[in-house]
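So the sequence shown is numbered by the working numbering: it starts at 8 and just counts up by one. Following: one structure in structure tokens, then a few remarks.
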Amino acid sequence: MSENVGITISNHFLLNQQLSPGATGSFTRLLQALVLACKIIQRDVGKAGLVDVLGRAGTINVQGEEVQKLDELANNTVKRRLSASGEVCALVSEEEADIIEIPRQYPRGNYIVHFDPLDGSSNIDANVSIGTIFSIYRRESLPDGDTTMKDVLQPGHRQVGAGYIIYGSSCVLVFSTGQGVNGFTLDPSIGEFLLSHPNIKTPKKGRIYSVNEGNYGYWDDQTRSYVDWIKHGYSEHGIHYSSRYVGSLVADFHRNLLYGGIFLYPADFKDPLKPKGKLRLMCEANPLAYLIEQAGGLATTGTERILDVQPNYIHQRVPLIIGSPDDVNIYQEFIQGQRTFQRS
Ligand code: P6P
């Protein structure tokens, strides 16, 4: 009798498709292309130290950051697999300045995918968990016409799917297509993602805060007051918050999604070129905001729901405060001046 491996991600996709009236299989094929890309990246990440893939490729990407060789591999892998799926009409990569046209030899489809091919790449050499993040939209313009900027710059609440893969102690794919959040863990012995975290819900309130406190001197007063409160003003039955910050967004988000808590990358005045903070709206904030809301959490710029932000540039940056609803609501009370804290 064959071994029972549980629910594979392919089973899950096909079940989703059967439950979607009018589904043509196009979205399923797109998701399967994404899964293949992530298996290839996992293979490359897993052997990075062995084939001299580590180390800087020497080039500087559109964000002004040094590009690592794995970054380039991951970027090219996602582009190639999604283009070859025949299901996309436009791609936008965190690694590339402009919208990526689909090569003429490939058929074009009706989906747009924004992606960060290897987020947290500055941690590659230290073997810290890194990840791929993706965000999927359906084009609004007519299928036989050219893709428009309106197709590419849709607000986050128009996403039809989003997710991330974390390359860590195990390789976990977490995604949603609007019916809740599910996590799948790669079983390398059979090369399949198996359902390991069904219907993820984030705790209503957590005890973890995640922020780079090195930027404390560059935040606005309200954010400083909130973090001061967390560190010196909060105590519930003797319980305090713990600080956890990896500096790899996918790792920090994944931990807080499962355990509860709040992640903050607020606006800071450190870099005049990045007045809204460091993280990108389309390939980081929106997909994670989609997931956290599907899991019962919240995501805000501090003054606006992330999924309502109307994008005006493909590499637009936004402040990101995301996590357990009670924690995010308290932060918003500080930002709106309804709460303050002064260290005694
Ligand atoms: P900082 C990694 O470079 C990244 O884009 C995210 O993965 C991470 O959350 C953030 O930057 C860390 O930035 O300024 O705290 O080092």
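All C-beta atoms in this analysis are idealised placements derived from N, C-alpha and C, irrespective of residue type, glycine included.
Just mark residue i as buried or exposed, buried being the case when its beta carbon has 16 or more other beta carbons within 10 Å.
| i | result |
| --- | --- |
| residue 263 | buried |
| residue 30 | exposed |
| residue 139 | buried |
| residue 209 | buried |
| residue 92 | buried |
| residue 295 | buried |
| residue 41 | buried |
| residue 304 | buried |
| residue 338 | buried |
| residue 104 | exposed |
| residue 147 | exposed |
| residue 163 | buried |
| residue 347 | exposed |
| residue 207 | buried |
So for residue i, helix, strand or coil by DSSP?
| i | result |
| --- | --- |
| residue 275 | coil |
| residue 174 | strand |
| residue 324 | strand |
| residue 149 | coil |
| residue 169 | strand |
| residue 36 | helix |
| residue 103 | coil |
| residue 204 | strand |
| residue 182 | strand |
| residue 299 | helix |
| residue 117 | coil |
| residue 15 | strand |
| residue 137 | strand |
| residue 163 | helix |
| residue 216 | strand |
| residue 260 | helix |
| residue 187 | coil |
| residue 48 | helix |
| residue 311 | coil |
| residue 250 | strand |
| residue 126 | strand |
What is the C-beta distance between residue i and residue j, in whole angstroms, given that I count them as a contact (C-beta under 8 Å)?
| i | j | result |
| --- | --- | --- |
| residue 171 | residue 143 | Not confirmed; about 12 Å, so no contact. |
| residue 255 | residue 130 | 5 Å |
| residue 175 | residue 268 | With 8 Å as the limit, residue 175 and residue 268 do not qualify as a contact, their Cβ atoms being about 18 Å apart. |
| residue 298 | residue 177 | Contact doesn't hold; Cβ gap of about 19 Å is too wide. |
Ordered along the chain, which non-local residues of its own chain (more than five positions away) have a Cβ less than 7 Å from that of residue i?
| i | result |
| --- | --- |
| residue 87 | none |
| residue 159 | 97, 99, 106, 119 and 321 |
| residue 43 | 88 |
| residue 249 | 214 and 215 |
Ordered along the chain, which non-local residues of its own chain (more than five positions away) have a Cβ less than 6 Å from that of residue i?
| i | result |
| --- | --- |
| residue 180 | 172, 191 and 200 |
| residue 225 | 275, 276 and 277 |
| residue 271 | 218 and 328 |
| residue 121 | 99, 142, 289 and 290 |
| residue 230 | 273 |
| residue 204 | 190 |
| residue 258 | 136 |
Going by beta carbon distance, what residues of the same chain come within less than 8 Å of residue i, once the five residues before and after it are set aside?
| i | result |
| --- | --- |
| residue 124 | 48, 78, 81, 82, 84, 85, 100, 101, 102 and 139 |
| residue 12 | 194, 197, 199 and 201 |
| residue 58 | Reliability fails at residue 58, whose pLDDT of 49 lies under 50, so the model's placement of it is uncertain and the value that follows must be treated cautiously. There are no such residues. |
| residue 284 | 272, 273, 274, 275, 324, 325, 326 and 327 |
| residue 185 | 167, 168 and 301 |
Does any C-beta atom of chain B lie closer than 8 Å to the C-beta of residue i?
| i | result |
| --- | --- |
| residue 52 | Although the question refers to chain B, the structure presented lacks it and comprises just one protein chain. |
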